[in-house]
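Under the numbering used here, the first residue of the sequence shown carries the number 993, and numbering increases by one thereafter. Backbone N, C-alpha and C define an ideal beta-carbon position, used for all residues, glycine too.
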Amino acid sequence: METETFQDFQDFQSLALPEALKENVAHLGFQAPTPIQAQTIPRILSGRDLIGQSQTGSGKTAAYLVPVIAQLNAALPVVQAIVLTPTRELCVQVAEVANDLVANTGLRVMAIFGGFSLDIQCAALRQGVQLVLGTPGRVKDLMMRGRLDLSGVRHFILDEADEMLDMGFLNDITYIANRTPKVRQNLLFSATMAPPVKQLINDYMNHPEHIEIQQVTRTADTLSHLFVRAQGHDKDRVLRSLLSEFRPDAALIFSNKKHAVPRIARALRGGAMPVEYLHGGLEQEDRMRIMRQFRDGRIQVLVCTDVAARGLDVLSVGLVVNYDIPPDPDIYVHRVGRTGRIGEKGTAVSLVANHEMALLHRIESHARIRMQPYAPAGEPASSKSSSDSKNSRRKRGHDRHSGRRR
Ligand code: ADP
Ligand code: MG
């Protein structure tokens, strides 16, 4: 068995990367690598297969994009790398980073996802693209029509593999992988490592090295996890109190139910902050416009479902509210991953009805966190159960301002 040692690096500028790529990394404002980047980038540059596991918001996108782009050949007009992502939103977001990273390298990037004209996508592909990013369904679709040829692929990357499997993309992923050359570099990134993901690894990867950034909790330790007891539509009033109290520059409100999202947004309209909503049933153009406005700060409060928000990266979200408690604890971890990114402070508040308390406890043990009871200013104690109302009073003022950004 060969043993290779890899040196973590301190600074992107000290890496053996093409000059233009280094400049683009600097342009993105990255100097020191995040922990997952420090460990994975040198290994990926060496061509090995690798599994990267770390919390959301820890910089996994650049952890694979930078070393993969460094290995692409701009003189060859064939697809050399493909990144699969679970949702179109994540695809667009990764494509934005990829486009920034290929500036002045002569490389071309193409994002392939549903909701856009096939003709445009095919025309762009004919021009010669080296890096393709896409959702599994649409990529497979284009391949079956003979419009996308992956026979020159040398790097095969799965981003958020666990989520793709949850969404039922295993067959599509298999189809795509089987039509790329056997000799290729396989990379898999994920925040969680469920058993189906391990199976996928066994089937498709070649003795990958598993890099896991360990931490005490599964969420950023700059986060406060609070909960407020509230039943049914009382949650609307509690939500309004929370928003006026925390006054975050940007807040995400998560609902389990698509049909509840417009209703919750309506209940918040007329307040001081611009509100919009996002769910998978909206037209693609509307989803993109709303996301853009949220990122630009024109929308301050976004009510959304998990599908619509998964993988979204908005740095300045100071407050995440769980309007209801997700049945799957991993979903909680992903939701709160939208706040407290890269060492910033953040607050996650869960609105818990009586029947949801058991779910809350499951999340506590799964994510290895403690939820603190919280009473928003002006909320009557009756919105909480008597057993913890005293506790909540004591907790008032706890990290009250961490949701704000200046
Ligand atoms: P993940 O995929 O792990 O959830 P992302 O790749 O979306 O995380 O990165 C989260 C945020 O961190 C992004 O806004 C990204 O621009 C920023 N980021 C990534 N790497 C660095 C770095 N080395 N230095 C500073 N910011 C970084
Ligand atoms: Mg990611």
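N-terminal and C-terminal residue of the alpha helix (DSSP H) that residue i is part of
i       : result
SER1182 : Unbroken run through SER1182 is the beta strand (DSSP E), 1177-1182; no alpha helix (DSSP H).
LEU1162 : 1162-1170
GLU1201 : Segment 1201-1204 is the beta strand (DSSP E) holding GLU1201; no alpha helix (DSSP H) there.
GLY1129 : 1128-1136
ILE1430 : Examination of residue 1430 is not possible in this model, given that the chain is present from 993 through 1398 alone.
LEU1142 : Neither: LEU1142 is in no alpha helix (DSSP H) and is coded neither H nor E.
GLU1268 : Per DSSP, GLU1268 belongs to no alpha helix (DSSP H); it is in the beta strand (DSSP E), 1267-1270.
ASN1096 : Here ASN1096 belongs to no alpha helix (DSSP H), and DSSP marks it neither H nor E.
ALA1406 : Outside the displayed range of the chain (993 to 1398) lies residue 1406, so it cannot be described from this structure.
LEU1068 : Taken as a continuous stretch (DSSP letters only), LEU1068 belongs to no alpha helix (DSSP H), as it is neither H nor E.
VAL1253 : 1252-1260
ILE1291 : From DSSP, ILE1291 is part of no alpha helix (DSSP H); its letter is neither H nor E.
ASP1226 : 1226-1238
ARG1118 : 1110-1118
PRO1059 : 1052-1062
ARG1354 : 1349-1359
ALA1018 : 1011-1019
Residue i - partner residues in DSSP beta bridges
i       : result
PHE1246 : CYS1296, ASN1314
ASP1410 : Since the first residue shown for the chain is 993 and the last is 1398, residue 1410 is missing from the structure and cannot be characterised.
ALA1340 : HIS1217, VAL1312
PRO1403 : Residue 1403 lies beyond the residue range present for the chain, which begins at 993 and ends at 1398; the question has no answer from this structure.
PRO1365 : PHE1219
LEU1076 : GLY1126, LEU1150
ILE1043 : LEU1180, HIS1202
For residue j and residue i, the rounded distance between their alpha carbons
i       : j       : result
THR1053 : ARG1330 : 15 Å
ARG1040 : THR1214 : 33 Å
CYS1114 : ALA1087 : 17 Å
PHE998  : GLY1098 : 29 Å
ARG1261 : PRO1240 : 16 Å
GLU1011 : ILE1149 : 24 Å
VAL1208 : ARG1360 : Low confidence applies to VAL1208: its pLDDT is 45, below 50, so where it sits in the model is not reliable enough to give any reading.
ASP1141 : ASP1133 : 12 Å
VAL1089 : ALA1062 : 14 Å
PRO1368 : ARG1232 : 10 Å
ASP1000 : GLY1051 : 15 Å
ILE1112 : ILE1043 : 34 Å
GLN1085 : HIS1353 : 33 Å
PRO1266 : PHE1286 : 10 Å
VAL1094 : LEU1013 : 7 Å
THR1172 : PRO1200 : 18 Å
ALA1153 : PHE1181 : 6 Å
ALA1186 : PRO1365 : 30 Å
HIS1347 : PRO1319 : 12 Å
ALA1008 : ARG1035 : 12 Å
ASP1316 : HIS1358 : 18 Å
GLY1160 : VAL1299 : 13 Å
ILE1033 : HIS1251 : 42 Å
GLN1292 : GLY1338 : 15 Å
ARG1080 : SER1046 : 22 Å
ALA1018 : ARG1130 : 33 Å
SER1384 : VAL1295 : Caution is warranted here: a pLDDT of 37 is assigned to SER1384, below 50, making its placement in the model unreliable, and the coordinate value is therefore given only provisionally. Each residue's alpha carbon lies about 26 Å from the other.
ASN1096 : GLU1155 : 33 Å
ILE1282 : LYS1174 : 41 Å
ASP1380 : VAL1220 : Only weak support exists for where ASP1380 lies, its pLDDT of 41 falling under 50; the coordinates are left without a value.
GLY1332 : PHE1238 : 15 Å
GLY1289 : SER1143 : 42 Å
PRO1188 : ARG1176 : 22 Å
CYS1083 : ALA1257 : 26 Å
PRO1128 : GLY1138 : 15 Å
VAL1341 : HIS1217 : 6 Å
ARG1146 : ASN1170 : 13 Å
GLU1268 : ARG1279 : 10 Å
GLY1303 : THR1048 : For GLY1303, the pLDDT reaches just 44, beneath the cut-off of 50, and the residue's location in the model is therefore unreliable, leaving the point undetermined.
LEU1037 : VAL1060 : 7 Å
VAL1309 : GLN1119 : 38 Å
MET988  : ARG1255 : Outside the shown range of the chain (993 to 1398) lies residue 988, about which nothing can therefore be said.
Cβ-heavy atom distance, residue i to ligand 4, below 6 Å
i       : result
THR1026 : As presented, the structure is devoid of ligand 4, carrying ligand 1 and ligand 2 as its sole ligands.
Span of the beta strand (DSSP E), counted from its first residue to its last, around residue i
i       : result
ILE1104 : 1101-1104
Touching by the beta-carbon criterion (3+ pairs, under 8 Å), the segment 1067-1080 and the segment 1120-1137: Touching, yes.
Inter-stretch contact (C-beta, 8 Å, three-pair minimum) for the segment 1096-1109 and the segment 1045-1059: Segments in contact, no.
The segment 1002-1010 contacting the segment 1020-1028, beta-carbon criterion three pairs below 8 Å: yes
Sufficient close CB pairs (3 or more, under 8 Å) joining the segment 1310-1327 to the segment 1238-1258: yes
Inter-stretch contact (C-beta, 8 Å, three-pair minimum) for the segment 1266-1282 and the segment 1196-1205: no
Stretch pair the segment 1152-1171 + the segment 1062-1069: three plus CB contacts closer than 8 Å: Verdict: no, contact absent.
Contact the segment 1220-1232 vs the segment 1191-1200: 3+ CB pairs below 8 Å: Proximity of the segment 1220-1232 to the segment 1191-1200 falls short of the contact definition, fewer than three beta-carbon pairs being nearer than 8 Å.
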